[in-house]
DNA sequence: TATCACTATATCGGACCGATATATATCGAT
DNA sequence: ATCGATATATATCGGTCCGATATAGTGATA
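Here is the structure:
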């Protein structure tokens, strides 16, 4: 699912400018997807050329035109086709966890500080999301929101309960046999 | 943290070819990061030019040279500096959840099938990861692995316990006027 | 003997992001 | 009254990264 398709999808909720679509990405999809202007504006231009959206330019005195985009029947049809495709696998990237892969190159104090900060970050994101949850109207959005909160909570608990595994100094012995499975 | 830096990091564990680095990404970092050959090979070339890795070409009869890369002292220093930077925020993308944002455009049966498949996917990935967990030697890797398993488990449980929210038919009322804002 | 999976390299086109540029408007702080 | 921050609103450039594709030998399995 590319940004172009997602823009089309957001326009099924009503007409919008590129700027408003960017806000929609942040407000209702932040935990699931994000997109920058450098993807949104070209997408909108392409969708217009393809006839999947129409563009009404509101000229404003001494300001650049406000371009309001609406989805066309052809666009609606196209989007409907797209969301019936099997979704691609989730993608997750974490610089934090990548750094921890190399925790043997860091001082113990640094590892602890890293984990403390990450927990704080997760907590803050979870709180922001929780607050936003109440504002959402649709069931879909509530569901999405709840998913995000759950994941942050799980991450926080895991870090708290298992941080000792990489904070403790490595046992100086011949490596013990690990019980496989 | 870009792929180039991560390649440098993986070389702190020992010398490797580009192909082996790709395998390392899949075997020990899959749930945290991934990289394709189209990123790895150029990264290795650039690191060589920069003097952060050295390259020993093992010429093989009737096959392209096997290029074995090793990290240099300068590379080690550079990487150490890099992992002391504050890590960027996690990034998560889910076509599955994005699709669910538009579940009002799908038939209830399709939504259920989508969720069933996703749960199956998560279960499979979790099992693969669990199995791999036993094989890992270092505490860091055990920790990473456990993190992944925990997250998959949390996702599965959330989907199972909350799917009714979007599977249930929406209450039939006058449709409120919506906008993307 | 054919097919598959693995080792091993590399590039092209395209998707996407971060930084930057350009204006104006509004609102609170100094 | 002015200053800085934030918001509205557009758009592009350089660069990173991925998916698809190309090439080619080896060994195992069917």
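Chains as they are written, first to last, in the UniProt record's numbering: chain G, 1 to 181; chain C, 1 to 181. Every residue gets a Cβ at the ideal spot worked out from N, C-alpha and C, and that includes glycine. Computed from a predicted structure; not experimentally measured.
Please check if any C-beta of chain C sits within less than 9 Å of the C-beta of residue 150(G). yes
With a threshold of 9 Å between beta-carbons, can residue 12(G) be considered close to chain C, or not? yes
Between the segment 121-136 of chain G and the segment 142-153 of chain C, do three or more beta carbon pairs fall short of 8 Å? no
Partners in chain G for residue 121(C), counting only beta-carbon separations shorter than 8 Å: 89
Taking the alpha carbon of residue 145(C) as the reference point, which residue from 156(C), 159(C), 130(C) has its own alpha carbon closest? 130(C)
Taking its Cβ as the centre, do 16 or more other Cβ atoms sit within 10 Å of residue 135(C), making it buried, or is it exposed? exposed
According to DSSP, residues forming a beta bridge with residue 76(C): In the DSSP output, where bridge partners are listed per residue, residue 76(C) has none listed.
In whole angstroms, what is the alpha-carbon distance linking residue 19(C) and residue 37(C)? 8 Å
Inter-residue Cα distance where the pair is residue 3(G) and residue 22(G): 11 Å
Decide if residue 107(C) is buried, meaning its Cβ has at least 16 other Cβ atoms within 10 Å, or exposed. exposed
Between the beta-carbon of residue 166(C) and the beta-carbon of residue 143(G), is there less than 9 Å? yes
Figure out for me which residue from 163(C), 141(C), 161(C), 164(C) has the closest Cα to the Cα of residue 13(C). 141(C)
At least 3 beta-carbon pairs within less than 8 Å: the segment 38-48 of chain C vs the segment 96-113 of chain G: no
So for residue 32(C), helix, strand or coil by DSSP? coil
Residue 94(C) at chain G interface by Cβ criterion, 9 Å: yes
Assuming residue 1(G) contacts residue 95(C) under a Cβ cut-off of 8 Å, what Cβ separation, rounded to an integer in Å, is found between them? 5 Å
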